[in-house]
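Here is the structure we will look at.
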Amino acid sequence: MFCFHGCKENKAKEPDFVRIQQSDKPEKEDPYLKWNQMNVGREDEDIDFFTRRYGWNVERTGTGLRYESIKEGSGQPVQTEDVVTLEYTTCLLSGDTVYSSRKDGLKTFKVDKSDEIMGLHEAAKKMKKGGKAHLVVPSFLAYGVAGDGRRIRGKVSLAMTIEVVDIERNKN
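If you count the sequence shown from 1, position 165 lands on 338 in my numbering, and the numbers rise without skipping.
Below, the structure is given as structure tokens:
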């Protein structure tokens, strides 16, 4: 039986990811980051144009959601884990209606605990029962780059009018 064993010092080059982590600044600007910033800027311009066109007096939240209260409603605001039921109309910024509670039925979901779009969860928590609002939901708070697989393609902002019909309070 023969056994061969050799010793050699491994002077392998450091992997790229280690050098990148150690660097304070990237050597050049990330083209994907620049592309994304450019697209978000264009989307903001489209949203601003839409809100001016239709005379919506929306405020921009920290996440980028545009929100305008039309009717205050009464009682306590919607909270996380409440089950909320909405009447709604969802349009593209072109003005084409893609979904409506009149045609598709009321929308019921558990706030912050369902797969409903993030912009709708955020808006619902600003509302009370009987409240009504206009929203413009940027694509990253809506269906993102994938779309909804049915009527809304990817990277599309949505204009919505919603009204809180009912709130089922979380018992915890």
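For every residue, glycine included, the Cβ atom is placed at its ideal position computed from N, Cα and C.
Query: Can you give me the C-alpha to C-alpha distance between residue 243 and residue 214, rounded to a whole angstrom?; Result: 27 angstroms
Query: Residue 212 to residue 336, Cα distance in whole Å?; Result: 30 angstroms
Query: Three or more C-beta pairs under 8 angstroms: does that hold for the stretch 289-307 against the stretch 248-265?; Result: yes
Query: Have a look at residue 274 and residue 330 and give me their C-alpha separation to the nearest angstrom.; Result: 19 angstroms
Query: Once the 5 residues before and after residue 338 are set aside, which same chain residues still bring their CB inside 7 angstroms of it?; Result: 258, 259, 260, 279
Query: At what residues does the beta strand (DSSP E) containing residue 331 begin and finish?; Result: 331-341
Query: Could you round the C-beta distance between residue 346 and residue 284 to whole angstroms and report it? I think they count as a contact, below 8 angstroms.; Result: Here the chain comprises residues numbered 174 to 345, so residue 346 is not present and cannot be evaluated.
Query: Could you name the residues of the same chain whose beta carbon sits closer than 7 angstroms to that of residue 236, not counting the 5 residues immediately before and after it, in chain order?; Result: 295, 314
Query: Which same chain residues, not among the five before or five after residue 342, have their C-beta less than 6 angstroms away from its C-beta?; Result: 255
Query: Measuring straight from C-alpha to C-alpha, what distance separates residue 288 and residue 326?; Result: 17 angstroms
Query: Measure how close the beta-carbons of residue 308 and residue 320 come, nearest whole angstrom, since I'm counting them as under 8 angstroms.; Result: Going by Cβ atoms, the distance from residue 308 to residue 320 rounds to 18 angstroms, so no, they are not a contact pair.
Query: Please report the distance separating the alpha-carbon of residue 303 from that of residue 324.; Result: 28 angstroms
Query: Measuring alpha carbon to alpha carbon, tell me which of 312, 306, 316 ends up nearest residue 245.; Result: 306
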